[in-house]
Each structure stands twice: as C-alpha cells, then as structure tokens.
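**Student:** Each residue of the sequence shown is one higher than the last, beginning at 26 in the working numbering. Backbone N, C-alpha and C define an ideal beta-carbon position, used for all residues, glycine too. Starting off with a structure, shown below.
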Amino acid sequence: MLIRHETLDLGKSERYPRTHESRRYAELSTSNQATLLVSSLDRRGIVARLASFMHERGINIIQVDQSVDAEHGDFRMRMVIETEFGQTPGAQLEEELEAVARDEGLKIRVNLSQAKPKVAILCTKEPHCLQDLLQRHESGELNCTVCVVVSNHGQLASIADFFDIPFVHIPVTPDSKTASEHELKKVLEEHSVDLIVLARYMQILSADLVAEWTHRIINIHHSFLPAFAGASPYRQAHERGVKLIGATAHYVDAELDGGPIIAQDVIACSHRDSITDLARKGRDVERTTLARAVRWHTENRLMVQGDRVVVFG
C-alpha cells in the first residue's frame, strides 16, 4: 500500500529563513563546468593527450587530481573543465571524448554540471540523518536535487513537509515486501531518481533492486565497519568496551553492510558511556559521514575499483 502525503503549510518562512539565493548561487557557479573521471592501465602520455584535447578546443582545465595504484598498475584521474571557454557543446564533447577513449584504451565518464543528480532519501523512524541532509540541501551545500523522501513509517513526514519535499509512505510488512518494493520502484521512476540514500532506512532491499542500482545506493551504518556489522552495533560496542565508535557510509551491494566503503569517521568514548551515550555520540558521526559521502558522490569524486572506492580531493 502506498500513502502519499500532502505538503502542509507550517509557517516555515517565519520559523526558518529560506535560502533559495544561496542555492541559486551554487547552481550558477558550476553551471558551465564538467567533470571527467578517467581510468585505465597506467602508461605515459595519458594526461598529455587529454590536456591537448582540451587545449585544441579552447576548454579551460580548472582542476586535475590523478594517482596510480603501483601494485595493480591502475591509472585514475578526475579532471574538472570549464566548458564556457570552449565552443564545443556538451553532447559533442561527450561524443569526441568517446572517440579518444576508444583510441587510447581509456574509460572516460563525463558529467555535465548542468544536470544535477536527483536524489531519493529513504528513512524509517530516526530523524537525524534525514533532517541533516535536507538542511544541507536547502542551504545549497549538496550538489543534487532531493526530489522525494520515502519511508516505511509516517513519523518523519513533517520534516519533509518543512523543506517542501514530497513524502511518500510505503508500509512494509513481511508479507508485503515484494509489493512494497514494487511501489518503491514506481516512485523512483516517477521522480527520475539517480541516487538512493538510505538515511537509517531499516529495511533490507532485494538483490534485484540492489543489482539494478549498483553503486547508486548509499547507506549509513552506525559502526566503524567491518566491526559490529548487523543489528545493535552500539550494544555490541558497549559490551566490548571499545574506546572509539564510528560510522561508515558505503555503497550497497548483495552482502549486508559489506559494500565498498566511501567514508568513515570515529569519536572517542570511555567506560563511563552508557549505550544511550554511545548512540547519542554515534548520531553526530552518522550525520557528517553520510553527508560527506553524498557530497562526494554528487560532485563526481568517487570511482569504484573492485571492492575499493577511490575518493578524489
């Protein structure tokens, strides 16, 4: 069963200043940029070839970040260009870069900044990650458009309403999981979603859905993986007397809490901390770690190589 939630007028303009101008400025400042993610086996001349390609078209290179995995011989690079300086339209640029990739044996992914990724946030009852992401989105901190919030419970509808984001309630029971996921897929398609963010969504997605959205689902797990995977990590941490607790943002794959790790962080704790204290401290780390992972993904700073994620600065 799918329950759509009507947006309420909560007088937000009086309680919380709107920041459309800051978001608009962020959009304008990157509207003429494009990002290239390049990978191949390492060899001489790759950077020179791409730099010459840009120079010939009058395209300005703003930033380059490259590295080589000496153990495996892998080359990877992130290049940010300013297309306003050239005369090559985006579609033509992509086509010509495809030809370069074929000739040089490269994998090149082009992301034009004009097209911000559309994000769906999935949540259950815990509000902290959802609220933090929507506030960052409202202030223009995240390079994306949050287009819908989906939950298997209705408690967090008011948070989505406050930020003028559509809220869709899709109840999930053991008997309705297949039907509920079918409704979820319809919502994702309806909103043309590019990225799914699990903001403490306490349901396991099917293997089919995960496979369809490979490297496009980000989850926040409330422990420093691979330690304390699964349920009740704070209770596990308390029982072991750990001195650090953390959070892990990772891409979702078929293994529970086992996908490629994007971002991690920790905070100190002691024997004086109760399970409640650990959970409170953990929520702070979860917020910042998840936001960092979403920002890196939407800024095209991530490249998955095997079970590892390369994060470009």
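Measure the C-alpha to C-alpha separation of G70 and S176 and round it to an integer number of angstroms.
**Tutor:** Start at 1 with the first residue of the sequence shown, and residue 70 comes out as number 45. Start at 1 with the first residue of the sequence shown, and residue 176 comes out as number 151. When rounded, the distance between both Cα atoms is 50 Å.
**Student:** Given this structure, state the Cα-to-Cα distance separating T149 from R134, to the nearest angstrom.
**Tutor:** Within the sequence shown, numbered from 1, the residue matching residue 149 stands at position 124. Within the sequence shown, numbered from 1, the residue matching residue 134 stands at position 109. One C-alpha to the other measures close to 34 Å.
**Student:** Per DSSP, what kind of secondary structure is G255 in: helix, strand or coil?
**Tutor:** Numbered from 1 along the sequence shown, position 230 holds the residue referred to as residue 255. Correct three-state label for G255: coil.
**Student:** Using a Cβ distance threshold of 8 Å, determine whether the segment 240-253 contacts the segment 265-274, with at least three qualifying pairs required.
**Tutor:** yes
**Student:** Once DSSP output is grouped into helix, strand and coil, what is the label at C154?
**Tutor:** Here residue 154 refers to the residue found at position 129 when the sequence shown is read from its first residue. It is helical.
**Student:** Check whether the Cβ atoms of A279 and L213 sit closer than 7 Å, and answer yes or no.
**Tutor:** Start at 1 with the first residue of the sequence shown, and residue 279 comes out as number 254. Start at 1 with the first residue of the sequence shown, and residue 213 comes out as number 188. Cβ distance not < 7 Å, so A279 and L213 don't count as in contact.
**Student:** Taking the CB atoms as reference points, tell me whether L131 and S65 lie closer together than 7 Å.
**Tutor:** The residue labelled residue 131 in the question sits at position 106 within the sequence shown. The residue labelled residue 65 in the question sits at position 40 within the sequence shown. Cβ atoms of L131 and S65: closer than 7 Å.
**Student:** Run through DSSP, which three-state label would S183 get?
**Tutor:** Residue 183 sits at position 158 when you count from the first residue of the sequence shown. Of the three classes helix, strand and coil, the one that applies to S183 here is helix, per DSSP.
**Student:** Count the other C-beta atoms from every protein chain shown that fall within 10 angstroms of the C-beta of G341, then say buried if there are 16 or more, exposed otherwise.
**Tutor:** Shown here, the chain extends from 26 to 338; a query on residue 341 therefore has no answer.
**Student:** Would I184 and L155 be called neighbours here (beta carbons separated by less than 7 Å)?
**Tutor:** Position 159 of the sequence shown, counting from 1, holds the residue named residue 184. Position 130 of the sequence shown, counting from 1, holds the residue named residue 155. It is a contact, given that the beta carbons lie within the stated cut-off.
**Student:** If you reduce the DSSP assignment to three classes, tell me which class V193 lands in.
**Tutor:** Counting from one through the sequence shown, the residue named residue 193 turns up at place 168. DSSP places V193 in strand when its eight states are reduced to three.
**Student:** So for H216, helix, strand or coil by DSSP?
**Tutor:** Position 191 of the sequence shown, counted from the start, is the residue given in the question as residue 216. Looking at H216 - three-state DSSP - the assignment turns out to be coil, as it is neither helix nor strand.
**Student:** For a quick check, are the C-beta atoms of V105 and Q88 less than 7 Å apart?
**Tutor:** On the sequence shown, residue 105 is found 80 positions in, with the first residue counted as 1. On the sequence shown, residue 88 is found 63 positions in, with the first residue counted as 1. In this structure, Q88 lies closer than 7 Å to V105 by Cβ.
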